[in-house]
Amino acid sequence: MSPAPHPGAPGSPAARPAVRVVLPAHLRVLARTEGELSLEVRGEVTQASVVDELERLHPQLRGTIRDPATSRRRPFVRFFACGEDLSHESPDAPLPPAVASGAEPLLVVGAMAGG
Amino acid sequence: MTSVRVLVGTRKGAFVLSSDGRRTCWDVAGPIFPGWEIYHVTGSPANPDRLYASQTSSWFGQVVQRSDDGGRSWEPVGNDFTYVGEPGTHQWYDGTPHPWEFARVWHLAPSATDPDTVLAGVEDAALFVTRDGGLTWDELAGLRGHGSGPSWQPGAGGMCLHSVLVDPRDARRMLVAISAAGVFRTEDAGETWEPANQGLRSGEIPGPEAEVGHCVHHLAAHPSRPDTIFMQKHWDVMRSDDAGGSWTEVSGDLPTDFGFVVDVHAHEPDTVFVVPITSDSHHFPPDGRLRVYRSRTGGGEWEPLDRGLPQSHCYVNVLRDAMAVDSLDSCGVYFGTTGGQVYASADSGDSWDAIVRDLPAVLSVEVQTLA
Numbered sequence: 001m002s003p004a005p006h007p008g009a010p011g012s013p014a015a016r017p018a019v020r021v022v023l024p025a026h027l028r029v030l031a032r033t034e035g036e037l038s039l040e041v042r043g044e045v046t047q048a049s050v051v052d053e054l055e056r057l058h059p060q061l062r063g064t065i066r067d068p069a070t071s072r073r074r075p076f077v078r079f080f081a082c083g084e085d086l087s088h089e090s091p092d093a094p095l096p097p098a099v100a101s102g103a104e105p106l107l108v109v110g111a112m113a114g115g
Numbered sequence: 001m002t003s004v005r006v007l008v009g010t011r012k013g014a015f016v017l018s019s020d021g022r023r024t025c026w027d028v029a030g031p032i033f034p035g036w037e038i039y040h041v042t043g044s045p046a047n048p049d050r051l052y053a054s055q056t057s058s059w060f061g062q063v064v065q066r067s068d069d070g071g072r073s074w075e076p077v078g079n080d081f082t083y084v085g086e087p088g089t090h091q092w093y094d095g096t097p098h099p100w101e102f103a104r105v106w107h108l109a110p111s112a113t114d115p116d117t118v119l120a121g122v123e124d125a126a127l128f129v130t131r132d133g134g135l136t137w138d139e140l141a142g143l144r145g146h147g148s149g150p151s152w153q154p155g156a157g158g159m160c161l162h163s164v165l166v167d168p169r170d171a172r173r174m175l176v177a178i179s180a181a182g183v184f185r186t187e188d189a190g191e192t193w194e195p196a197n198q199g200l201r202s203g204e205i206p207g208p209e210a211e212v213g214h215c216v217h218h219l220a221a222h223p224s225r226p227d228t229i230f231m232q233k234h235w236d237v238m239r240s241d242d243a244g245g246s247w248t249e250v251s252g253d254l255p256t257d258f259g260f261v262v263d264v265h266a267h268e269p270d271t272v273f274v275v276p277i278t279s280d281s282h283h284f285p286p287d288g289r290l291r292v293y294r295s296r297t298g299g300g301e302w303e304p305l306d307r308g309l310p311q312s313h314c315y316v317n318v319l320r321d322a323m324a325v326d327s328l329d330s331c332g333v334y335f336g337t338t339g340g341q342v343y344a345s346a347d348s349g350d351s352w353d354a355i356v357r358d359l360p361a362v363l364s365v366e367v368q369t370l371a
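Those sequence lines, one after another, are chains L and W. Just so you know, our numbering puts 3 at position 3 of the first sequence, and the rest follows in order with no gaps. Just so you know, our numbering puts 106 at position 106 of the second sequence, and the rest follows in order with no gaps.
In structure tokens form, the structure reads like this:
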């Protein structure tokens with residue numbers, strides 16, 4: 001289950017700023033991580049490319065953010081960044097420049113639902 | 001020295017309750033996977049240190065966890081339960097077609113001989129198998145493709161495949177039960193299936209000759225008599241002596257024929273346990289008294305067992321997978337309630353004690369008898 005090495009090593013001249021991701025507590029436990037994650041995302045920084053990289057590094061998260069059959073965001077998972085709800089944006093739309101530059105984190109949030 | 005390990009799945013995590021063979025002093029470990037719904041935790045008969053857990057969440061979907069050290073540590077394994085081909089539709093509550101959508105694993109049934117082989121009953125109803133310890137799951141699609149699938153309807157809890165009985169003489173022979181489609185059986189390891197619901201009656205729902213549409217709550221059988229199946233149905237306790245070929249009612253003198261659990265004594269194939277629940281709408285014990293009923297005659301005649309159980313103001317439920325038996329000489333019986341109590345009897349149900357009283361609502365109880 002260990003992820004394959006990433007071709008763009010951080011710190012190399014070609015490295016781009018890391019994308020910061022904040023997971024909800026349940027997914028941090030599942031991924032065995034603490035605090036923010038820093039991801040080296042290849043290509044355009046979109047919801048899809050960020051989650052692709054997240055799942056590559058942490059395969060145990062596959063299926064927890066996106067439905068594995070449809071690849072669509074789970075109904076009770078939301079994406080926020082820069083004070084905006086991006087959940088209904090296209091998964092292939094570019095995320096705000098502040099997220100791509102690492103200035104702001106992408107927040108993956110478990111929706112408030114239930115009693 | 002013999003010991004027992006009780007594996008408890010709850011609405012908010014799993015718990016492992018351990019005792020020596022006297023079953024008087026218990027160690028309670030957990031919550032494991034706190035905050036997640038744990039529909040089922042069970043062990044491999046072939047390797048009791050190999051455990052599997054179905055961990056689910058309305059937010060984050062399905063996770064399957066595996067332990068190789070009896071529950072001290074866990075690793076998530078595969079969670080891709082993709083239906084074979086076009087999923088198709090079943091009936092929704094209003095009778096309209098509704099796409100088949102995977103929701104969660106209700107029940108895990110590890111192989112008797114191979115720790116890496118496990119059957120999984122899921123919602124929306126289908127049967128999956130892993131042969132690599134849970135890393136990958138493949139649908140046994142002959143069940144869903146049996147032909148009657150488009151007319152299956154969910155019960156109130158969802159359209160779940162909740163019971164899996166594998167014939168210990170021949171693992172190709174299996175029975176499964178789906179709420180609210182009924183019982184299906186295969187004799188070719190899941191390639192082909194046929195309904196096994198002859199004799200089931202549920203008022204006018206469905207018609208008396210209907211092949212499917214029966215709200216079966218749980219199945220149980222004794223390994224020495226695999227063709228004798230006991231069923232707790234939405235209404236009625238039923239018995240089959242021909243592996244589901246036909247069913248007869250054995251509710252007999254029970255105070256109510258509704259309930260969820262049914263299980264069979266480890267050493268007495270005609271001794272059966274149920275927990276009657278009032279009607280299909282109250283979902284609590286009659287008269288606020290929690291009583292297990294035991295038949296020593298394979299059904300029909302039942303005796304209440306209430307020593308040690310609350311006999312006033314008790315309004316809990318006991319859900320379909322929340323009863324199990326151990327195989328010690330004096331058979332232990334265990335069940336969990338929606339009030340968070342796990343009760344144990346070390347004397348075949350004659351008397352009961354609560355191992356724990358304040359867990360989250362209990363969804364499932366399994367027992368491992370360890371040498």
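C-beta atoms are modelled at their ideal positions from N, C-alpha and C, and glycine is treated no differently.
To the nearest angstrom, how far is the alpha carbon of residue i from that of residue j?
| i | j | result |
| --- | --- | --- |
| His90(W) | Gly182(W) | 14 angstroms |
| Val105(W) | Ala221(W) | 22 angstroms |
| Gly9(W) | Gly252(W) | 31 angstroms |
| Gln198(W) | Asp242(W) | 11 angstroms |
| Asp92(L) | Leu370(W) | 53 angstroms |
| Trp137(W) | Asp188(W) | 19 angstroms |
| Ala103(L) | Ser67(W) | 40 angstroms |
| Gly149(W) | Ala180(W) | 11 angstroms |
| His14(W) | Ile38(W) | Reading the sequence as shown, one finds Ala at residue 14(W) and not His. Rounded to the nearest angstrom, the two C-alpha atoms are 6 angstroms apart. |
| Asn79(W) | Gln65(W) | 9 angstroms |
| Glu55(L) | Leu95(L) | 18 angstroms |
| Tyr293(W) | Arg239(W) | 16 angstroms |
| Val109(L) | Glu209(W) | 50 angstroms |
| Arg5(W) | His40(W) | 14 angstroms |
| Ser111(W) | Ser58(W) | 29 angstroms |
| Pro304(W) | Val342(W) | 18 angstroms |
| Ala120(W) | Met323(W) | 18 angstroms |
| Thr82(W) | Glu211(W) | 27 angstroms |
| Leu61(L) | Pro34(W) | 17 angstroms |
Does the beta carbon of residue i fall short of 6 angstroms from some heavy atom of the ligand MN?
| i | result |
| --- | --- |
| Gly71(W) | No copy of the ligand MN appears in this structure; indeed no ligand is present at all. |
With H, G and I counted as helix, E and B as strand and the rest as coil, what does DSSP make of residue i?
| i | result |
| --- | --- |
| His26(L) | helix |
| Gly110(L) | strand |
| Arg5(W) | strand |
| Arg56(L) | helix |
| Leu84(W) | Reading off the sequence, residue 84(W) comes out as Val, not Leu. Val84(W): coil per DSSP, three-state reduction. |
| Ser120(L) | Chain L is shown from 1 up to 115; residue 120(L) falls before or after that span and cannot be answered. |
| Val77(W) | coil |
| Gln47(L) | helix |
| Leu175(W) | strand |
| Pro286(W) | helix |
| Leu51(W) | strand |
| Ala31(L) | helix |
| Leu86(L) | coil |
| Thr42(W) | strand |
| Leu95(L) | coil |
| Leu61(L) | helix |
| Gly182(W) | strand |
| Ala81(L) | strand |
Which bits of chain C does residue i rub up against, with CB to CB less than 7 angstroms?
| i | result |
| --- | --- |
| Ala48(L) | You won't find chain C in this structure, because its protein chains are L and W. |
By Cβ distance, which residues of its chain are closer than 7 angstroms to residue i, with the 5 residues on each side in sequence left out?
| i | result |
| --- | --- |
| Ser345(W) | Gly332, Val333, Ser351, Trp352 |
| Ala196(W) | Leu175, Val183, Phe184, Arg185, Gly244, Gly245 |
| Pro87(W) | Pro99, Trp100 |
| Ser224(W) | Pro269 |
| Arg66(L) | Val51, Arg72, Arg73, Arg74 |
| Glu34(L) | Arg28 |
Give me, in chain order, the residues of the same chain whose beta-carbon lies closer than 8 angstroms to that of residue i; leave out the 5 immediate sequence neighbours on both sides.
| i | result |
| --- | --- |
| Thr2(W) | Asp20, Gly21, Leu328, Thr369, Leu370, Ala371 |
Less than 6 angstroms between C-beta atoms, sequence neighbours within five positions excluded: which residues of the same chain meet that for residue i?
| i | result |
| --- | --- |
| Gln372(W) | As displayed, chain W neither begins before 1 nor continues past 371, which places residue 372(W) out of reach and without an answer. |
| Val77(W) | Val64, Arg66, Gly134, Leu135 |
| Cys82(L) | Pro96, Ala98, Glu104 |
| Leu30(L) | Gln60 |
Do the segment 345-361 of chain W and the segment 42-51 of chain W make contact, defined as three or more Cβ pairs closer than 8 angstroms? Contact fails: fewer than three Cβ-Cβ distances are below 8 angstroms.
Is the segment 255-272 of chain W touching the segment 224-235 of chain W in the sense that three or more CB pairs, one from each, lie closer than 8 angstroms? Touching, yes.
Just to confirm the assignment: which complete alpha helix (DSSP H) runs, minimum length 4, are found wholly within the segment 288-319 of chain W? Listed in chain order, nothing qualifies, since the segment 288-319 of chain W has no complete alpha helix (DSSP H) run of 4 or more residues.
Whole beta strand (DSSP E) elements within the segment 113-150 of chain W, 3-residue minimum: Segments of the beta strand (DSSP E) lying fully in the segment 113-150 of chain W: 118-123, 126-130.
With three or more beta-carbon pairs closer than 8 angstroms as the criterion, would you say the segment 129-137 of chain W touches the segment 163-171 of chain W? Under the three-pair Cβ rule at 8 angstroms, the segment 129-137 of chain W does not count as touching the segment 163-171 of chain W.
Pair every Cβ in the segment 52-63 of chain W with every Cβ in the segment 38-55 of chain L, then say whether three or more of these pairs are closer than 8 angstroms. Cβ pair count under 8 angstroms is below three, so no.
Is it true that the segment 83-90 of chain L meets the segment 323-340 of chain W, where meeting means three or more beta-carbon pairs spaced less than 8 angstroms apart? No: fewer than three Cβ pairs fall under 8 angstroms.
At least three beta-carbon pairs within less than 8 angstroms, the segment 92-104 of chain W to the segment 123-130 of chain W: Flag = yes, the segment 92-104 of chain W and the segment 123-130 of chain W touch.
Pairs of beta-carbons, one from the segment 62-78 of chain L and one from the segment 8-27 of chain W, closer than 8 angstroms: are there three or more? By the Cβ rule, the segment 62-78 of chain L does not count as touching the segment 8-27 of chain W, because fewer than three pairs are nearer than 8 angstroms.
Should the segment 318-327 of chain W be called in touch with the segment 272-280 of chain W, which here means at least 3 C-beta pairs below 8 angstroms? Contact annotation: the segment 318-327 of chain W touches the segment 272-280 of chain W, with at least three C-beta pairs closer than 8 angstroms.
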